[in-house]
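This note's numbering applies: residue 20 is where the sequence shown begins, and numbers increase by one. We put the CB at the ideal spot given by N, CA and C, even for glycine. Since this is a predicted model, take the numbers as computed values, not measurements. Reviewing the structure listed below.
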Amino acid sequence: MAKYNIIDKKEKEAAYRSLVSPRLMDELREKILEIILIQKKYKDKDYSAKKLAEDLGTNTRYISAVVNVRFHMNYTSFVNKFRIEEAMAILVDKRYQHLNMEDISSMVGFSNRQSFYASFYKINGVTPRDYKIKHLAQHPSMREAKKESRRGAKAPKNQ
20 MAKYNIIDKK EKEAAYRSLV SPRLMDELRE KILEIILIQK KYKDKDYSAK KLAEDLGTNT
80 RYISAVVNVR FHMNYTSFVN KFRIEEAMAI LVDKRYQHLN MEDISSMVGF SNRQSFYASF
140 YKINGVTPRD YKIKHLAQHP SMREAKKESR RGAKAPKNQ
């Protein structure tokens, strides 16, 4: 006799997903991309699925259904994907080398560094710091820029 009653979880289709017609799903998909990606609402820490639904004149169940079916993830993962993509660009951009991880996480819309690190690691398999170090190692010119910015920061003020 088995020690635990483990039952294989059956994949069940959420009923509300089938309530949204394919045509409406396509329309909402485009509108969601317009607001989240083009208008860069992913950078807003307080922009929730509820606010998105209000802006689109629909409800959160429809938003959830569209994001699940058309993007194959939940709303939070969907938004975090864009945040992480922008963070990856910032991490390797020499104009932003002076920023710390808290600054970057805040710039791209995370409320705290922990959720930024967790999302970044989930998507990339490395921490933001390791990603930055690896990228700098591949681009010697970036290392030189980093050294120069450090030297400038340490220079005495009354020169």
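**OP:** Using the Cα positions of serine 67 and glutamine 157, report the straight-line distance between them to the nearest angstrom.
**Re:** For this step, residue 67 is matched to residue 48 along the sequence shown. For this step, residue 157 is matched to residue 138 along the sequence shown. A direct Cα-to-Cα measurement between serine 67 and glutamine 157 gives close to 37 Å.
Q. Taking just the CA atoms, how far does isoleucine 123 sit from isoleucine 152?
A. Counting from 1 along the sequence shown, the entry for residue 152 is found at position 133. Counting from 1 along the sequence shown, the entry for residue 123 is found at position 104. For isoleucine 152 and isoleucine 123, the gap between their C-alpha atoms comes out near 15 Å.
Quick one: measure Cβ to Cβ for valine 86 and phenylalanine 97, integer angstroms, because I've assumed they're closer than 8 Å.
Translated into the one-based positions of the sequence shown, residue 86 becomes position 67. Translated into the one-based positions of the sequence shown, residue 97 becomes position 78. So it is a contact: roughly 5 Å between Cβ atoms.
- Leaving out five residues before and five after asparagine 143 in sequence, what residues of the same chain have Cβ atoms less than 8 Å from its Cβ? Within the sequence shown, residue 143 is the residue found at index 124, counting from 1. Same-chain partners within the cutoff: Ile103, Met107 and Tyr150.
- Please report the residue range of the alpha helix (DSSP H) in which leucine 155 lies. For the purposes of this step, residue 155 is taken as residue 136 along the sequence shown, with counting starting at 1. Per DSSP, leucine 155 is one residue of the alpha helix (DSSP H) stretching across 147 to 157.
Review point. Do you know offhand how far arginine 48's Cα is from glycine 128's?
Key: Looking up residue 48 in the sequence shown gives position 29. Looking up residue 128 in the sequence shown gives position 109. Going by the C-alpha atoms only, they are around 21 Å apart.
**Prompt:** Under a Cβ-count criterion, where at least 16 other Cβ atoms within 10 Å of its own Cβ denotes burial, should serine 138 be classed as buried or exposed?
**Reply:** Translated into the one-based positions of the sequence shown, residue 138 becomes position 119. So serine 138 ends up on the buried side.
>> Please return the same chain residues whose Cβ sits closer than 6 Å to the Cβ of tyrosine 115, not counting the five positions on each side in sequence.
In response: By one-based count along the sequence shown, residue 115 stands at place 96. Closer than 6 Å at Cβ, skipping near neighbours: Ile109.
(Q) Quick check: what's the CA-CA separation for leucine 38 versus threonine 95? (A) On the sequence shown, position 19 is the one that residue 38 refers to. On the sequence shown, position 76 is the one that residue 95 refers to. If I take the Cα positions, the gap works out to 22 Å.
Range of the contiguous alpha helix (DSSP H) that encloses phenylalanine 129
If you number the sequence shown from 1, residue 129 lands on position 110. No alpha helix (DSSP H) holds phenylalanine 129; DSSP gives it neither H nor E.
Note down the Cα distance separating glutamine 133 from tyrosine 140, rounded to an integer number of angstroms. Taking the first residue of the sequence shown as position 1, residue 133 is located at position 114. Taking the first residue of the sequence shown as position 1, residue 140 is located at position 121. C-alpha separation (whole angstroms): 11 Å.
**Message:** Short of 7 Å in beta carbon distance, which residues of its chain neighbour aspartate 63, apart from the five on each side in sequence? Order them along the chain.
**Reply:** The count along the sequence shown starts at 1 and reaches residue 63 at position 44. If we look at aspartate 63 and ignore the five residues flanking it on each side, its Cβ neighbours are Gly128.
With a 10 Å radius around its C-beta and 16 neighbouring C-beta atoms as the bar for buried, classify isoleucine 55 as buried or exposed. Translated into positions along the sequence shown, residue 55 becomes position 36. Isoleucine 55 is buried by the Cβ-count criterion.
Practice prompt. Could you check the C-alpha separation between glutamate 73 and histidine 91 for me, to the nearest Å?
Written response: For this step, residue 73 is matched to residue 54 along the sequence shown. For this step, residue 91 is matched to residue 72 along the sequence shown. One C-alpha to the other measures close to 22 Å.
DSSP on glutamate 167, reduced to helix/strand/coil?
As a first step, residue 167 is located in the sequence shown; it is residue number 148 there, counting from the start. Here the model assigns glutamate 167 a pLDDT of 49, short of 50, so the residue's position is not dependable, and the following value carries that caveat. Helix at glutamate 167.
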